[in-house]
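Those letters in the sequence shown? Residues 42 to 447, by my numbering.
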Amino acid sequence: MADHCIVCNRTVPGGEGDFCCPGCAAVHVIIGKMELDGAERDERIAQLLEGVFPDGREVETEEKEIENGQDLCFLVGGMVCPACSWLVHNSLGKLPGVGNVNLNFIAETCTLSYDPMQIGKDTIQSNIEKLGYKYYEGEDAQRDSFDYFRFGAGWFFALNNMMISFVVYSAESWDVPFAMQLVCSILLALFGTLVPFYAARTTMVMGWRQIVSRQFRMESLVVLSTSAAWIYSVYSMLTGDFAHLYFDVVTLLLMLIETGNLISGSFYKKLSRRVSSLSWQLPKKARIKGNDVDEDYAAVEELEPGTEFLVKRDEFVPTDGILMGPAEFDFSLITGESHGVSLEQGHYVGAGARLLSDDARLSVPAGGRATLLKRLLKARLRLSTPARNSCRSGIISASILCRLWC
């Protein structure tokens, strides 16, 4: 028993126990797990105490419901024991405009709601980093959004070109004044130039790079055909041959390619987000038997072959393992079929399986740590990626045949 807290030296309520609050008890457990000494230990204690007592003040933690707030999901790295998750959860709950905090120590995932009018994501991130933990959101937050304005402008130019070209082509059969033909031709040239240099700039740049590197794919063929049509159309306009202007073909072909890129890009983005969400659900830690305690935690990356780990009911298997006793699992995260599968001792259980029965022990295979779910997800992404390289051999073969024929 102590009159003052052994961590922060505050008065212990009632004089019972060694800590003044659960926060100091959590700090004591965390420091013990990290096995720090000297100045490094003192610095870490002060850093953690800042999360318990912001600016040295005692702040009551209360559950807050955020109305019309935004949801935020991120990962918290560097947690060594459940006390870390309690400390982070307690610190986030004290922030103004933050509510519905849900932190999973095993999976290292945190979800919360926040009011952008009161607090920003940078403040939430700095709050976690001040405690000495890592904050990261994954790859989805780094992706650039599609430029819908440029896409819409490109279709505006293409559709207007289609309408204006009707006037120019009608000059072959109808009596169209030369001045009108000239004005319409200039508009066709203007719109036909804006599309490749502005709306479909990405496709043009990619195609020219393929041509320079001699890796002929779809984009390079489109660039060659549209460039040839554009050059010929400019020559025809300068010579007064308005019946052979193909600016409308240039704009329409490029915008069809851009539309296809938009559809496929949105599909792959959704698929990638789904893959990320699945990988986020995998636990980042495993329960193992410690030296001095019956249950300890270790990062999945640190598991060695033969290491036994414990999985409790309704938890996901963190890494592939050999089952040490009979148990029932749900593989819906991997296969999509939600039903129980009973397995006996010695069966191979893949990461991502959810335990339906009582606690089960597994052992890391002799081949080392592996994650079947991650391999399946990577294979699915690789198979769903457009096989643009597959057309290269056909293009090379066709070019050789053309040379022999000519």
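We put the beta carbon where it would ideally sit given N, CA and C, even for glycine.
Predicted model only: the values in this text are computed from it and were never measured.
Cut-off 8 Å between Cβ atoms - residues of its own chain near residue i, not counting five sequence neighbours on either side
| i | result |
| --- | --- |
| Gly306 | Phe187 |
| Gly302 | Checking the sequence shown, residue 302 turns out to be Asn, not Gly. Counting only Cβ-Cβ distances below 8 Å, and skipping sequence neighbours, we find Thr243, Thr244. |
| Tyr273 | His285, Tyr287 |
| Thr164 | Leu136 |
| Asp400 | Leu351, Val352, Lys353, Arg354 |
| Glu369 | Gly381, Val382, Ser383, Leu384, Leu396, Leu397, Ser398 |
| Gly347 | Ser404, Val405, Ala407 |
First and last residue of the uninterrupted beta strand (DSSP E) at residue i
| i | result |
| --- | --- |
| Cys114 | 111 to 118 |
| Ser132 | Ser132 -> not in any beta strand (DSSP E); alpha helix (DSSP H) instead, spanning 123 to 134. |
| Phe350 | 349 to 352 |
| Ile165 | Per DSSP, Ile165 belongs to no beta strand (DSSP E); it is in the alpha helix (DSSP H), 162 to 171. |
| Leu144 | 139 to 145 |
| Leu200 | It is not in any beta strand (DSSP E) - Leu200 instead sits in the alpha helix (DSSP H) that spans 189 to 210. |
| Ile252 | Not the beta strand (DSSP E): Ile252 falls in the alpha helix (DSSP H), residues 242 to 253. |
Straight-line Cα distance separating residue j from residue i
| i | j | result |
| --- | --- | --- |
| Cys46 | Cys125 | 19 Å |
| Ala148 | Lys310 | 23 Å |
| Glu336 | Met120 | 16 Å |
| Ile329 | Glu81 | 27 Å |
| Arg184 | Phe192 | Unreliable positioning characterises Arg184 in this predicted model, as indicated by a pLDDT of 43, which lies under 50. A coordinate reading is not provided. |
| Ala269 | Phe197 | 23 Å |
| Asp181 | Ala284 | The predicted model places Asp181 with a pLDDT of 44, which falls under 50 and marks its position as unreliable; any figure quoted below should be read in that light. Cα-Cα distance, rounded: 49 Å. |
| Gly97 | Met158 | Residue placement at Gly97 is poorly supported in this model, since its pLDDT is 48, which falls under 50; the coordinates still yield a value, given next. Distance between the alpha carbons of Gly97 and Met158: 26 Å. |
| Leu297 | Asp216 | 33 Å |
| Val209 | Ser266 | 22 Å |
| Gly79 | Ala87 | 13 Å |
| Val382 | Leu262 | 52 Å |
| Glu356 | Gly138 | 31 Å |
| Leu445 | Gln256 | Any reading at Leu445 must be qualified, since the residue scores a pLDDT of 43, below 50, and its modelled position is unreliable; no value is offered. |
| Ala339 | Glu378 | 30 Å |
| Ala212 | Gln222 | 8 Å |
| Pro218 | Ser254 | 47 Å |
| Thr234 | Ala199 | 11 Å |
| Ala241 | Glu299 | 7 Å |
| Ser167 | Asn131 | 15 Å |
| Glu178 | Phe308 | 21 Å |
| Gly195 | Cys151 | 41 Å |
| Tyr239 | Val264 | 14 Å |
| Leu153 | Leu374 | 23 Å |
| Ile304 | Glu84 | 52 Å |
| Phe190 | Val129 | 41 Å |
| Trp271 | Ile169 | 56 Å |
| Ala220 | Ser214 | 17 Å |
Same chain, Cβ closer than 7 Å to residue i, five either side skipped, listed in chain order
| i | result |
| --- | --- |
| Pro123 | Phe146 |
| Val278 | Looking at the sequence provided, one finds Met at residue 278 rather than Val. Correct list, in chain order: Ser226, Ala230, Leu286. |
| Asn201 | Phe232 |
| Arg250 | none |
| Glu345 | Val405 |
| Ile363 | Gly387, Tyr389, Leu403, Ser404, Pro406 |
| Glu260 | Thr244, Met247, Gly248, Gln251 |
| Thr376 | none |
| Thr280 | none |
| Glu343 | none |
Contact check, residue i vs residue j, beta carbons under 8 Å
| i | j | result |
| --- | --- | --- |
| Arg402 | Asp371 | no |
| Phe115 | Tyr174 | no |
| Pro237 | Val291 | yes |
| Ile160 | Leu133 | no |
| Met203 | Leu293 | yes |
| Met365 | Ser398 | no |
| Thr360 | Ala407 | no |
| Pro324 | Val341 | yes |
| Ser206 | Asp289 | yes |
Bounding residues of the alpha helix (DSSP H) (the contiguous stretch that carries residue i)
| i | result |
| --- | --- |
| Ile227 | 219 to 235 |
| Glu260 | 259 to 279 |
| Lys330 | Per DSSP, Lys330 belongs to no alpha helix (DSSP H) and is neither H nor E. |
Sequence-distant residues of its chain with Cβ nearer than 6 Å to residue i (five each side left out)
| i | result |
| --- | --- |
| Val358 | Val352, Val390, Ala392, Ala394 |
| Glu385 | Pro367 |
| Glu349 | Arg402, Ser404 |
| Leu228 | Ile205 |
| Val224 | none |
Rounded distance between the beta-carbons of residue j and residue i, thought under 8 Å
| i | j | result |
| --- | --- | --- |
| Gly118 | Tyr155 | About 20 Å; that fails the 8 Å criterion. |
| Asn141 | Ile107 | 6 Å |
| Lys162 | Leu113 | 7 Å |
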